[in-house]
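Presented below is the structure to which this report refers.
Chains as they are written, first to last, in the numbering used here: chain A, 212 to 304; chain B, 4 to 308.
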């Protein structure tokens, strides 16, 4: 494989760019996840004792909720250490 | 096409008056009478056995809706959608898990409501559709359903739009995704949940428009006794809160013996509702055995609709 300095520099630049972009929207990504979590909780809240919408609404939407359910699951797992989670998000420590 | 609902406490004569109205209207119009009451007695009143849509006269058709069947059909449809989406899970017996939904509150009302919607939508070649409804509680619950559901859908759509908005922001900042990352959908057209919510919303909205429209009439049947009065007053208030068009009060089973009570009950009703009121007499010999047909009453109800 031919070594190309130009190619190397380009990859470095691209990675720096991607990293900055990822940092820039990290908080928004978390926000979206939280929103999706809330959405799923609202819709399927009856399972954990929250007042829920007419249950057929949940049944109607359930087939499209795969991603939401994944997030719900992940949140439930992380929920025992939310402080660490928030510190991670805000870049503390 | 006009839609009539007959409501009231159990045993006041909803089904009989609905049948009588349908019979009288059918002299000049094409009429379909649908019984939504789980304890069907439309067949008994007309003296026929009703299966699906049964022809009684050239212009009068009868239909009884089986709630259990409907709930089952509805759930089966949903389970099919589920197993289509999660094809790889077909090895598991999904419908076993979902059968518990049969007992969840709301499914019956929903099945009832969707059957009303379907009847109104598909039976457009009738001039009148007469619905004989189940007793008070269930009737109020399913008539309130479009309103309740629309409120929920509205909130869920708001959250969903916010999610998509944020996904769009992420998409703009991040630029094109590298391979292996799941693409976040940010366009409203790509989002299955929002599309489904909007479809549901438009369905409920049109049903709400029909139920509150000029062509829909709710008739409240009551008797000259205190119990039926109390429940009727609750119904009148319920309809008022929901903004549903109560347009007629039918005072049924009046005889010379109870005229005094009837006057009292009527005064009370007048104080809560100002819609037209019609008295219907109680006939002691009003039984099928002696040759009289139950749906054939003396009063002419057609000018009221």
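C-beta: ideal position from N, C-alpha, C; glycine also.
Neighbour flag for residue i against chain B, beta carbons, 8 angstroms
{"i": "residue 284 of chain A", "result": "no"}
{"i": "residue 215 of chain A", "result": "no"}
{"i": "residue 222 of chain A", "result": "no"}
{"i": "residue 249 of chain A", "result": "yes"}
{"i": "residue 241 of chain A", "result": "no"}
{"i": "residue 255 of chain A", "result": "no"}
{"i": "residue 218 of chain A", "result": "no"}
{"i": "residue 290 of chain A", "result": "no"}
{"i": "residue 281 of chain A", "result": "no"}
{"i": "residue 233 of chain A", "result": "yes"}
{"i": "residue 262 of chain A", "result": "no"}
{"i": "residue 296 of chain A", "result": "no"}
{"i": "residue 301 of chain A", "result": "no"}
{"i": "residue 252 of chain A", "result": "no"}
{"i": "residue 272 of chain A", "result": "yes"}
{"i": "residue 238 of chain A", "result": "no"}
The alpha helix (DSSP H) enclosing residue i, as first and last residue numbers
{"i": "residue 198 of chain A", "result": "The question about residue 198 of chain A has no answer, for chain A in this structure spans 212 to 304."}
{"i": "residue 37 of chain B", "result": "No alpha helix (DSSP H) contains residue 37 of chain B, which is instead part of the beta strand (DSSP E) from 34-38."}
{"i": "residue 160 of chain B", "result": "139-177"}
{"i": "residue 24 of chain B", "result": "17-28"}
{"i": "residue 242 of chain B", "result": "229-245"}
{"i": "residue 273 of chain B", "result": "262-275"}
{"i": "residue 302 of chain B", "result": "Taken as a continuous stretch (DSSP letters only), residue 302 of chain B belongs to no alpha helix (DSSP H), as it is neither H nor E."}
{"i": "residue 305 of chain A", "result": "For chain A, the structure presents residues 212 to 304; residue 305 of chain A sits outside this window and is missing."}
{"i": "residue 284 of chain B", "result": "Premise fails: residue 284 of chain B lies in the beta strand (DSSP E), 280-284, not in any alpha helix (DSSP H)."}
{"i": "residue 207 of chain B", "result": "195-215"}
Close Cβ partners of residue i (< 7 angstroms) along its chain, the five nearest in sequence each way excluded
{"i": "residue 111 of chain B", "result": "70, 74"}
{"i": "residue 118 of chain B", "result": "68, 73"}
{"i": "residue 183 of chain B", "result": "For residue 183 of chain B, the pLDDT reaches just 49, beneath the cut-off of 50, and the residue's location in the model is therefore unreliable, leaving the point undetermined."}
{"i": "residue 301 of chain A", "result": "none"}
{"i": "residue 215 of chain A", "result": "none"}
{"i": "residue 129 of chain B", "result": "4, 33, 34, 35"}
{"i": "residue 59 of chain B", "result": "49, 51, 65"}
{"i": "residue 122 of chain B", "result": "37, 132"}
Short Cβ contact (8 angstroms threshold) for residue i with residue j
{"i": "residue 275 of chain B", "j": "residue 239 of chain B", "result": "yes"}
{"i": "residue 227 of chain B", "j": "residue 261 of chain B", "result": "yes"}
{"i": "residue 7 of chain B", "j": "residue 220 of chain B", "result": "yes"}
{"i": "residue 255 of chain B", "j": "residue 13 of chain B", "result": "no"}
{"i": "residue 300 of chain B", "j": "residue 278 of chain B", "result": "no"}
{"i": "residue 32 of chain B", "j": "residue 10 of chain B", "result": "no"}
{"i": "residue 38 of chain B", "j": "residue 45 of chain B", "result": "yes"}
{"i": "residue 156 of chain B", "j": "residue 203 of chain B", "result": "yes"}
{"i": "residue 298 of chain B", "j": "residue 49 of chain B", "result": "yes"}
{"i": "residue 247 of chain A", "j": "residue 303 of chain A", "result": "no"}
{"i": "residue 275 of chain A", "j": "residue 195 of chain B", "result": "yes"}
{"i": "residue 197 of chain B", "j": "residue 167 of chain B", "result": "yes"}
{"i": "residue 30 of chain B", "j": "residue 250 of chain A", "result": "no"}
Where the beta strand (DSSP E) containing residue i begins and where it ends
{"i": "residue 308 of chain B", "result": "Element bounds for residue 308 of chain B: n/a, residue is neither H nor E."}
{"i": "residue 11 of chain B", "result": "5-11"}
{"i": "residue 222 of chain B", "result": "219-225"}
{"i": "residue 54 of chain B", "result": "Counting along the chain, residue 54 of chain B falls outside any beta strand (DSSP E), and DSSP gives it neither H nor E."}
{"i": "residue 252 of chain B", "result": "249-257"}
{"i": "residue 189 of chain B", "result": "Unbroken run through residue 189 of chain B: none, as it is neither H nor E."}
{"i": "residue 123 of chain B", "result": "Where residue 123 of chain B is concerned, there is no enclosing beta strand (DSSP E), although the alpha helix (DSSP H) it sits in stretches over 110-125."}
{"i": "residue 132 of chain B", "result": "131-135"}
{"i": "residue 67 of chain B", "result": "63-67"}
Cβ of residue i within 8 angstroms of any chain A Cβ
{"i": "residue 148 of chain B", "result": "yes"}
{"i": "residue 124 of chain B", "result": "no"}
{"i": "residue 203 of chain B", "result": "yes"}
{"i": "residue 183 of chain B", "result": "Per-residue confidence for residue 183 of chain B stands at a pLDDT of 49, beneath the threshold of 50, marking its modelled position as unreliable; the derived number appears in the next sentence. Closer than 8 angstroms: no."}
{"i": "residue 113 of chain B", "result": "yes"}
{"i": "residue 151 of chain B", "result": "yes"}
{"i": "residue 172 of chain B", "result": "yes"}
{"i": "residue 199 of chain B", "result": "yes"}
{"i": "residue 26 of chain B", "result": "no"}
{"i": "residue 119 of chain B", "result": "no"}
{"i": "residue 196 of chain B", "result": "yes"}
{"i": "residue 159 of chain B", "result": "yes"}
{"i": "residue 192 of chain B", "result": "no"}
{"i": "residue 162 of chain B", "result": "yes"}
{"i": "residue 177 of chain B", "result": "yes"}
{"i": "residue 169 of chain B", "result": "yes"}
{"i": "residue 277 of chain B", "result": "no"}
Neighbourhood of residue i by C-beta distance below 6 angstroms, restricted to the same chain and skipping five residues each side
{"i": "residue 26 of chain B", "result": "298"}
{"i": "residue 255 of chain A", "result": "269"}
{"i": "residue 263 of chain A", "result": "256, 257"}
{"i": "residue 286 of chain A", "result": "248"}
Same chain only: Cβ atoms within 8 angstroms of residue i, ignoring 5 sequence neighbours per side
{"i": "residue 144 of chain B", "result": "112"}
{"i": "residue 18 of chain B", "result": "9, 38, 40, 44, 45, 48, 135"}
Any non-hydrogen atom of the ligand ADP closer than 7 angstroms to residue i Cβ
{"i": "residue 190 of chain B", "result": "Because no ligand of any kind appears in the structure shown, any question about the ligand ADP cannot be addressed here."}
Assess, as a yes-or-no matter, whether the region 140-150 of chain B is touched by the region 168-179 of chain B under the definition of 3 or more beta carbon pairs within less than 8 angstroms.
-> no
Could you tell me whether the region 255-274 of chain A touches the region 218-238 of chain A, using the rule of 3 or more Cβ pairs below 8 angstroms?
-> no
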